[in-house]
Amino acid sequence: MPLLVSGISDDDEFRGRPPPPNYSIYEPLYETACDGEIITRDPHLNSDGEAIVQFFVQHNTPPRLEVQFHGHHEETRWETRSTRDQDGNLVEERVPMNVIVDDFNFSIDASDFVAPECDGLCVSPDKKTGIRKSVRQLCDDFVHDKNKLKELELTKEHKITIKSTSKWSRYLEHKGIRLLLFLSCLWILVLPIQWFYRKRFGHNSLWSNWHMKITAQDWYNLQVQEVTHHVHHRCSRVGTVPFISG
Numbered sequence: 003m004p005l006l007v008s009g010i011s012d013d014d015e016f017r018g019r020p021p022p023p024n025y026s027i028y029e030p031l032y033e034t035a036c037d038g039e040i041i042t043r044d045p046h047l048n049s050d051g052e053a054i055v056q057f058f059v060q061h062n063t064p065p066r067l068e069v070q071f072h073g074h075h076e077e078t079r080w081e082t083r084s085t086r087d088q089d090g091n092l093v094e095e096r097v098p099m100n101v102i103v104d105d106f107n108f109s110i111d112a113s114d115f116v117a118p119e120c121d122g123l124c125v126s127p128d129k130k131t132g133i134r135k136s137v138r139q140l141c142d143d144f145v146h147d148k149n150k151l152k153e154l155e156l157t158k159e160h161k162i163t164i165k166s167t168s169k170w171s172r173y174l175e176h177k178g179i180r181l182l183l184f185l186s187c188l189w190i191l192v193l194p195i196q197w198f199y200r201k202r203f204g205h206n207s208l209w210s211n212w213h214m215k216i217t218a219q220d221w222y223n224l225q226v227q228e229v230t231h232h233v234h235h236r237c238s239r240v241g242t243v244p245f246i247s248g
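With the working numbering applied, the sequence shown corresponds to residues 3 to 248, in that order.
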């Protein structure tokens with residue numbers, strides 16, 4: 003359900019009628035980092051758990067999927083080592099060394115085979131208690147927590163992070179202040195305190211679930227010619243004969 007502003011009730015769906023003139027969907031302010039991570043300190047997201055859920059859903063784009071192919075073999079190589087015997091004489095001996103040699107290592111983009119719709123947001127069970135929270139409960143916990151350095155993060159290819167609106171959180175992540183801390187060596191004191199005090203919600207426990215349009219075997223059947231081409235091409239460089247099982 004869309005988020006409402008201007009005091010209009012979330013429960014009113016207008017029963018098919020056009021919304022009133024002052025109705026609008028809330029659009030939080032956010033920025034996108036160079037690595038694709040979405041970061042926001044929007045005040046409304048810091049005060050409304052349902053708004054956070056909607057924000058995650060709106061920006062939960064399909065992930066990029068790559069299938070990695072890696073083949074290797076083991077070789078025994080001889081290495082000459084110099085040692086001294088009990089009389090102090092220098093003695094050379096050949097010692098066998100087992101090494102791993104890569105035959106091929108490549109990836110194929112399978113992003114086009116990821117379903118366009120997410121199966122939903124999920125929260126992993128707590129490692130200590132085994133209790134699994136709902137996504138909304140986790141978002142509400144973040145909203146109600148008083149920690150000045152709190153963060154809520156949805157883990158995916160490009161993370162979505164909601165940070166505290168407190169001035170301390172802003173100051174400690176300001177590039178100018180970080181440079182000053184580094185030049186004055188105060189980072190030795192400040193950064194450990196920041197690391198221990200910061201409270202993280204959802205880090206490595208809140209994630210989005212996606213599925214492929216086809217099975218893994220069907221995808222491989224479609225790509226088998228490309229796979230064998232890459233394997234044979236790379237193996238020919240190292241002088242090995244690949245064995246490929248269908």
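Yeah, the Cβ is synthetic: ideal placement off N, Cα and C, and Gly gets one too.
Counting C-beta atoms within 10 angstroms of its own C-beta, residue 30 has 16 or more neighbours from the protein chains shown and is therefore classed as buried. Judged by DSSP secondary structure, residue 44 falls outside any alpha helix (DSSP H); it is assigned neither H nor E. Per DSSP, reduced to three states, the secondary structure at residue 102 is strand. When the five nearest sequence neighbours on each side are left out, the beta carbons in the same chain lying within less than 8 Å of the beta carbon of residue 76 are those of 100, 101, 102 and 103, in order along the chain. If the five residues before and after residue 130 are omitted, its C-beta is found closer than 7 Å to no C-beta atom of its own chain. Within the stretch 185-229, the runs of beta strand (DSSP E) at least 3 residues long that lie entirely inside it are, in chain order, 208-211. Of 98, 43 and 191, the smallest CA-CA separation from residue 79 is found for 98.
A residue is called buried when at least 16 other Cβ atoms come within 10 angstroms of its Cβ; residue 187 does not meet this threshold and is exposed. Here the alpha carbons of residue 73 and residue 144 stand approximately 44 Å from one another.
When only Cα atoms are considered, residue 42 and residue 125 end up about 21 Å apart. The Cβ atoms of residue 68 and residue 111 lie closer than 8 Å to each other.
Between the stretch 166-173 and the stretch 212-227 there are fewer than three C-beta pairs closer than 8 Å, too few to call the two in contact. For residue 232 and residue 161, the gap between their C-alpha atoms comes out near 32 Å. Cβ-Cβ distances below 7 Å link residue 34 to 40 in the same chain, with the five nearest sequence neighbours on each side left out; the list follows chain order.
Within the DSSP secondary-structure output, residue 155 pairs in a beta bridge with 163. Judged by their CB atoms, residue 200 and residue 153 are nearer to each other than the 8 Å cut-off. Taking C-beta separations shorter than 7 Å and ignoring five residues to either side along the sequence, the partners of residue 121 in its chain run 211, 212 and 213, following chain order. Scanning its chain for C-beta atoms nearer than 7 Å, with the 5 sequence neighbours on each side dropped, one finds no residue around residue 128. Residue 217 is classed as exposed because its beta carbon has fewer than 16 other beta carbons within 10 Å across all chains shown. In this chain, the beta strand (DSSP E) harbouring residue 73 covers 68-86.
Cβ neighbours of residue 136 within its own chain (closer than 8 Å, five residues either side excluded): 125. Note on residue 90: under 16 other CB atoms within 10 angstroms of its CB, so exposed under the neighbour-count rule.
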